[in-house]
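Residue numbers (UniProt numbering), protein chains in the order written: chain A, 1 to 173; chain B, 1 to 173; chain C, 1 to 173; chain D, 1 to 173; chain E, 1 to 173; chain F, 1 to 173; chain G, 1 to 173; chain H, 1 to 173; chain I, 1 to 173; chain J, 1 to 173.
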């Protein structure tokens, strides 16, 4: 009886310590660069959120998460700070891999099967031409860069207490 | 010689009158609801931008453009104001079509072949899991609505004078 | 001024008369049997909901809507009642077309691009194996028929006043 | 002769003990999160049905099965109860994996090749627009959530003794 | 009242005269050769089943239906008999079209969206390797012709009164 | 010289002993359930044809082959007889796996790349609508079950000595 | 009675006059250049085979057929001879269209649904790497041109009287 | 310096010994049957060309290469000769695997990504209907077998010294 | 006889006047904007090459051809000069359409079926990662713009007299 | 504190030594030939750029990178020089693998998901027909070889200091 009670408690304790901590399932690793496993593992062990890492690196949370998923290149500065923060050996091949050139776009299938990511895809599917028409009227013919690009995710709470996600996509024209 | 000069001028005049006015090519009409052709034609004839229409309807530019592309439903209010603004007969079947239920998602192929829209798709492809991880850490497990959703497109100019597009996606969690 | 006011009123009037009346956009007709256009047009002119038609035919709303979209076969009884209700000539080729054998499955693309229908698809994608496992434990090896099949859509309101859709799928094992 | 008889009996005995117990074939594991293998193995060894587990957790059978297939997130409560019920170590990485954020939608290919799951897909393909039309008439423009969503599977027997599956899908509008 | 009664009767009468008569919906015609429309129209007007036509031509029902759908070539004999049976002018271009070389395989999409045809596809998907293994053991390495090929569809009723479809596929090895 | 002669003979001897024995290449195993490898290996070692196994189990050859490919569920009776016939331990996990619920449809890609299986696919592609039309005229609207379904493969020799494959597909309507 | 007899005869007569004359079904025309319809129509009216046309033009049958299907460019010589042979006006836009640059590759879908063409596709699928290996050993690394390319189709009859098709593909290395 | 010179020489020596010897890269093995690796390895070690093996077996080079890629079945004679020629143990499971029934069509993706094989695919895409039309005029309605089929690859040199590949495809009608 | 001779001559004359003049087949028009038909028609009637038009507009040939295919936007200057050069009315809707915002990417299917365009696609398929690696080493992480982009096509003749195409792609990093 | 400082420095040092050195992530290796891993590893260890290797081999950078990615065949000369430059044993199987015949086209998926490579793909998608039209007018009907083909990548800086990539594709006509 005791034992059972303790088991339940220890998991509740885990949950209390890390209410929302993005980690990575081993079955997803083959779509990611080799260093992703190491980074996520260290992040989980040290119970760090992307917000905390972003603050330490002086970059946005989205940029840091993109780096973990192999979609962005770490500067040597980033790599050094990450190694220190996550307790990784600076001499490990990992550090030099992170400053390599990313082979982007392989993190998941398209169309996305993950519902949350599908919603973003659906926005492009439904509003794509509306975005284009408004941009064309505002900027003329041209294109918004998806590379020279910054992004943030913020939380807003409306008057009824309901939370809203606010994603900002900022790309050079 | 005169004639030539005049021709050139008249086109230059057209260009001067409508520097950036989103219209629709006939070859795209079979992907859109029947009323899109009428709306775009009237918009072109009256030389109205989405910004002007949005102001008249009290909605965002993106929402108005989405309505023109058949991705959003007009309220009876919207329909009445649009009919007035564009000089359409309120008794025409168009009005009742606009307040019908949209069959969304058909405006263009996926993956997009239009480069500007592809850039948005690429953002989802590359940053999808990064967005998910950050949202999960900020909001827990859940989803951002692509339906209970608002969006704006703004223009910013940086210190070097270069223009940036700022897209804001705001969806209920 | 008068005129404008009237215009707005007449559309508001239309909206008042038909708050929620499913119709069909002409651009969708090539995916449907030839009689769909006629049925939907008559339904719109007579301002009938599927609920009203279902009551008159003694069938479920989903079954009637499926018949309009060419996914179900009308019995001669159904055809006769529909012809009467919608004011169609019983001698028209339409009547005999409706009692033909439907060429099912062409109403829209798969995966669905329409967000509402995509949500149903997503349920199959995410919960498919969960449904299978539970059915196998309850019924043994076998299959649920999608043909010998009934379905209803109901509206429920929870204690907070929020509406819920309740879809019931009932298939022979 | 004896030996043969016994062999047959022992398998018959197995069958008698577990008439219908959903398990998982090793060849399917690479589509599932790492903890699925452990959960299913323990479920098989303890000869527990989803019905029994659902009762112990106070959740629906579909929700529990979805959790086993990595499509739903366990609450810390769920994780603690599951660990106890299945005899898993609460300190194992499994527990913390189960309360991670699921990477949904990878359990099987779409269109489904499994006939039972295909039947559900076929319902969406054939009746998708019928569902949409009826929902639009009942609720107006909008969408049924596939995330804020509950589901049950029940067994009914009609007057001729034939079994019917009744799936209820309940989603917030 | 009279009128209504009559309307219902006339459709019921139609149904009585043609309980099961395969026809073709106009929306399907663009997937078929030009003569299909004429043949099906004449078949419907004369209320002929494929069984009756097959008897008149001395061929199997499946072969005749395949000819109507443009999947088989009519012999001059077939064409002459069909013209006579369906009241078509023998000098019409139709006759010479029917004895042309069919451009097979375009009657519908693959995978099939029509549920009845999907069931046949599913048999190939699930049992394909089982058929191959049994054929290889019976015939050695080789192939069953899908061209030098005959097929019948028969109806059987089992002891409980339930109907069964029996399809026989006979191909040269 | 002797040696060479003997080598040739021993292979010829193998061929003489097993003129036509379906086996399975290791490269195909990842598409099949875990027990398929064991069953095929034992079948090869004991030099049993599906005909011999089918006779021992009292089932059709196609059903037995489908079981080997993981497309059908073994009854406990089947499992016990197979274990005895193939010399497998009845206590092995294999036995309980075989009476699990199959995850059907994964044995090979669709469209099939194997020419023999492609021929069956081609029959569905070319004759699908012909089968449907004939079935509809014979049975009315409905569907042939691909689950409540039996199948045989027979060999016929015509008057010129040429072999024909006769596949019979029998499904409940 | 007389009439019937005559009808049958006239079709038989047609068949006798043109035992094997490739024509084109109207439903295929949208995949072909505009002049294909005219060429095939004239060929049918004059009852010319590709063999006869090839002889008149001094080119291979395959080349002529490819020209009719819009896959090859006519030289002005070819165009002039074809116009004369088929009785076309040399001033018609057709002549200049034929000497335009073909937009190749649109004649049919890939993978082919036409069984005869699928057989050629299957040869590439099954023997592709075998051809490559043999060519590499004979020619070294390189490629066989599909543009600087000639092809013939011949008929051979073996000792048992069975016909064989012999296709020769000759491409510059 | 010496060392360097020797290194270069030894590789040049290798090249001299085997100017054109088709081998197989390990990354391709998972698309091929298990015995392909062994056959290719032995072929490379003994420095045999397909021409030499074909001569020893009395079959065409294409047939032998197809056998190496798992697209054709070895006769027991072939297997015995190959075992002798390549120094394989006749008792190894390899021999019995080679006389098994091939699971054809998996050697590479379609459409081919290998440029040399793509050229053959392109010939089918561009000339498919031309081949069909010429065959239909020469043979009537029917099909060329891709199974009862022989093929050769020859080298021709034209008057300018340029090499041409001549592929002959000979299939029973 | 005379007539024949003249016919041949007149076509030869056409060919002499326009040795190489890119035009457009009507069957391709539905993939292009509405004004493409008019532009190509006028270009053909006036027998103008892209080189001549490019010179008149002061732009590269590739840019002008892209404009004709609807992939680039005409400046008002371009539109005025084109209208003059091609004899189009400056007041026609065409002029304003050309200065609209192009809906790019629809000119043809991907992967390309046209062999010439496929070769360019194949270069991307085969050399894509090689280009990326070299660019990354030369420029660091980043991207080459496909929008802020210029291109030319030149002809070179090597010492053996063989012509070479030289395509230059110049994009901002 | 010291330690941290050093860590940061050592990574900065790495970055300083290799500002831009293309390497390969292990997760990409299964798309490449077996020798790619060895080549890239040696290149990284010796800190060689493709420019340096190209100079040593007397070939273009693109050609060398293509060789590393398995898209080109090494001459024995190339192999010998590479072995020397990278310190590989000339007797290793690697050397003989490199002079084998490449199985081209497998380096990445199409359409490309890597943004930099997608830009090249987009150029083909958007400008494909423009390139074809200009080439046809310059060269007549024909094709540009993608095999008998050379390519360079150069860096240019414009008057504003902005870098431009200049890719030259030169293929035999």
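Backbone N, C-alpha and C define an ideal beta-carbon position, used for all residues, glycine too. Treat the numbers as computed from the prediction; the structure is a model and nothing was measured.
Practice task
Using 10 angstroms around the beta-carbon of residue 153 of chain D, count the other beta-carbons present and answer buried if the total reaches 16, otherwise exposed.
Solution key: Indexing the fourth chain from 1 puts residue 153 of chain D at position 153. Result: buried.
Practice task
Check the Cβ of residue 142 of chain D against every Cβ in chain B and list those closer than 9 Å, keeping chain order.
Solution key: Position 142 of the fourth chain, counted from the first residue, corresponds to residue 142 of chain D. Simply 147 and 148.
Handout entry: Chain-ordered neighbours of residue 101 of chain F on chain C, where CB pairs are closer than 7 Å
Key = Taking the first residue of the sixth chain as position 1, residue 101 of chain F is located at position 101. Chain C residues near residue 101 of chain F: 136 and 141.
Practice task
Using 10 angstroms around the beta-carbon of residue 160 of chain A, count the other beta-carbons present and answer buried if the total reaches 16, otherwise exposed.
Solution key: Counting from one through the first chain, the residue named residue 160 of chain A turns up at place 160. Per the 10 Å Cβ criterion, exposed.
Handout entry: Buried/exposed call for residue 36 of chain E, threshold 16 Cβ in 10 Å
Key = Stepping through the fifth chain from its first residue, residue 36 of chain E is reached at position 36. Looking at its Cβ environment, which holds 16 or more other Cβ atoms inside 10 Å, residue 36 of chain E is buried.
Handout entry: Distance, residue 28 of chain D Cα to residue 32 of chain C Cα
Key = The residue you call residue 32 of chain C lines up with position 32 of the third chain. The residue you call residue 28 of chain D lines up with position 28 of the fourth chain. Going by the C-alpha atoms only, they are around 38 Å apart.
Practice task
Give every residue of the same chain whose Cβ lies closer than 7 Å to the Cβ of residue 171 of chain J, excluding the five residues on either side of it in the sequence, and list them in chain order.
Solution key: As a first step, residue 171 of chain J is located in the tenth chain; it is residue number 171 there, counting from the start. Closer than 7 Å at Cβ, skipping near neighbours: 144, 145, 146, 148 and 149.
Exercise for the section: Assuming residue 72 of chain I contacts residue 137 of chain J (C-beta within less than 8 Å), just tell me the rounded distance between them. Expected result: Position 72 of the ninth chain, counted from the first residue, corresponds to residue 72 of chain I. Position 137 of the tenth chain, counted from the first residue, corresponds to residue 137 of chain J. Actually they are not in contact, since the Cβ atoms of residue 72 of chain I and residue 137 of chain J sit about 18 Å apart, beyond 8 Å.
Practice task
Check each candidate in E:123, E:79 and E:134 and name the one with the smallest Cα separation from residue 52 of chain F.
Solution key: The sequence position of residue 52 of chain F within the sixth chain is 52, counting from 1. For residue 52 of chain F, the nearest C-alpha among the options comes from E:134.
Practice task
Compare the C-beta of residue 55 of chain F against all C-beta atoms of chain G and say whether one is closer than 7 Å.
Solution key: Working through the sixth chain from its first residue, we reach residue 55 of chain F at position 55. No, its Cβ sits nowhere closer than 7 Å to a Cβ of chain G.
Handout entry: Neighbour flag for residue 112 of chain D against chain E, beta carbons, 7 Å
Key = For the purposes of this step, residue 112 of chain D is taken as the residue at position 112 of the fourth chain. Chain E, which has no Cβ nearer than 7 Å to the Cβ of residue 112 of chain D, makes this no.
Exercise for the section: Could you tell me which of A:114, A:94, A:104 and A:156 sits nearest to residue 123 of chain B, measuring between CA atoms? Expected result: For this step, residue 123 of chain B is matched to residue 123 along the second chain. When only C-alpha atoms are compared, the closest one is A:104.
Handout entry: Beta-carbon proximity list for residue 173 of chain H, same chain, < 7 Å, skipping 5 on both sides
Key = On the eighth chain, position 173 is the one that residue 173 of chain H refers to. Hits under 7 Å: 139, 142 and 144.
Handout entry: Same chain, Cβ closer than 8 Å to residue 63 of chain C, five either side skipped, listed in chain order
Key = Against the third chain, residue 63 of chain C aligns to sequence position 63. 54, 72, 150 and 151, listed in sequence order.
Exercise for the section: Using only alpha-carbon positions, find the residue among B:68, B:115, B:111 and B:48 that is nearest to residue 38 of chain B. Expected result: For the purposes of this step, residue 38 of chain B is taken as the residue at position 38 of the second chain. That would be B:68, whose Cα lies nearest to the Cα of residue 38 of chain B.
Exercise for the section: On the DSSP bridge assignment, give the partners of residue 171 of chain I in chain order. Expected result: To locate residue 171 of chain I, count along the ninth chain from 1; it is residue 171. I:149 and J:165.
Practice task
Within 10 angstroms of the Cβ of residue 26 of chain C, are there 16 or more other Cβ atoms? Answer buried if so, exposed if not.
Solution key: Numbered from 1 along the third chain, position 26 holds the residue referred to as residue 26 of chain C. Exposed, because fewer than 16 other Cβ atoms sit within 10 Å of the Cβ of residue 26 of chain C.
Handout entry: residue 82 of chain G, DSSP secondary structure in three states
Key = Position 82 of the seventh chain, counted from the first residue, corresponds to residue 82 of chain G. Residue state, collapsed to three classes: helix.
Practice task
Determine, using beta carbons only, whether residue 128 of chain C and residue 111 of chain D come nearer to each other than 7 Å.
Solution key: For the purposes of this step, residue 128 of chain C is taken as the residue at position 128 of the third chain. For the purposes of this step, residue 111 of chain D is taken as the residue at position 111 of the fourth chain. Their beta carbons are not under 7 Å apart, which means residue 128 of chain C does not touch residue 111 of chain D by this criterion.
Exercise for the section: Using a threshold of 7 Å, state whether the C-beta atoms of residue 79 of chain C and residue 98 of chain C are closer than that. Expected result: For the purposes of this step, residue 79 of chain C is taken as the residue at position 79 of the third chain. For the purposes of this step, residue 98 of chain C is taken as the residue at position 98 of the third chain. Against a cut-off of 7 Å, the Cβ pair of residue 98 of chain C and residue 79 of chain C comes out as a contact.
Practice task
Identify whether residue 124 of chain H lies in helix, strand or coil by the three-state DSSP scheme.
Solution key: Numbered from its first residue, the eighth chain carries residue 124 of chain H at position 124. In this structure, residue 124 of chain H counts as helix in the three-state DSSP scheme.
Handout entry: Pick from J:70, J:57 and J:102 that is closest to residue 82 of chain J, judged by C-alpha positions
Key = Taking the first residue of the tenth chain as 1, we reach residue 82 of chain J at position 82. For residue 82 of chain J, the nearest C-alpha among the options comes from J:57.
Handout entry: Contact set for residue 49 of chain C: own chain, Cβ-Cβ below 7 Å, skip 5 residues either direction
Key = Within the third chain, numbered from 1, the residue matching residue 49 of chain C stands at position 49. Closer than 7 Å at Cβ, skipping near neighbours: 21.
Exercise for the section: With DSSP as the reference, please indicate the residues paired to residue 155 of chain D in a beta bridge. Expected result: The residue labelled residue 155 of chain D in the question sits at position 155 within the fourth chain. Paired residues: D:165.
Exercise for the section: Measure the Cβ-Cβ separation of residue 132 of chain D and residue 117 of chain C and say whether it is below 7 Å. Expected result: Looking up residue 132 of chain D in the fourth chain gives position 132. Looking up residue 117 of chain C in the third chain gives position 117. Yes; because the gap between Cβ atoms is below 7 Å, this pair is in contact.
Problem - Spatially closest choice to residue 61 of chain J from I:130, I:119, I:121 and I:126, by CA coordinates - result: As a first step, residue 61 of chain J is located in the tenth chain; it is residue number 61 there, counting from the start. When each option's Cα is compared against that of residue 61 of chain J, the closest is I:130.
Practice task
Report the neighbours of residue 22 of chain C on chain K: residues whose CB is nearer than 9 Å to its CB, in chain order.
Solution key: Here chain K cannot be found, since the structure's protein chains are A, B, C, D, E, F, G, H, I and J.
Problem - 7 Å Cβ cutoff met for residue 42 of chain F and residue 94 of chain F - result: Numbered from 1 along the sixth chain, position 42 holds the residue referred to as residue 42 of chain F. Numbered from 1 along the sixth chain, position 94 holds the residue referred to as residue 94 of chain F. No. Outside cutoff.
Practice task
Would you decide whether residue 158 of chain J is buried or exposed? Buried here means 16 or more other CB atoms lie within 10 Å of its CB.
Solution key: Taking the tenth chain and counting its residues from 1, the one referred to as residue 158 of chain J is at position 158. Result: exposed.
Exercise for the section: Could you have a look at residue 144 of chain F and say whether DSSP puts it in helix, strand or coil? Expected result: Taking the first residue of the sixth chain as 1, we reach residue 144 of chain F at position 144. Reduced to three states, the DSSP call for residue 144 of chain F is coil.
Practice task
Would you mind sorting residue 45 of chain C into buried or exposed? The rule is 16 or more other CB atoms within 10 Å of its CB.
Solution key: The sequence position of residue 45 of chain C within the third chain is 45, counting from 1. Flag for residue 45 of chain C reads exposed.
Problem - Span of the alpha helix (DSSP H), counted from its first residue to its last, around residue 35 of chain G - result: Numbered from 1 along the seventh chain, position 35 holds the residue referred to as residue 35 of chain G. Its alpha helix (DSSP H) spans residues 34 to 45.
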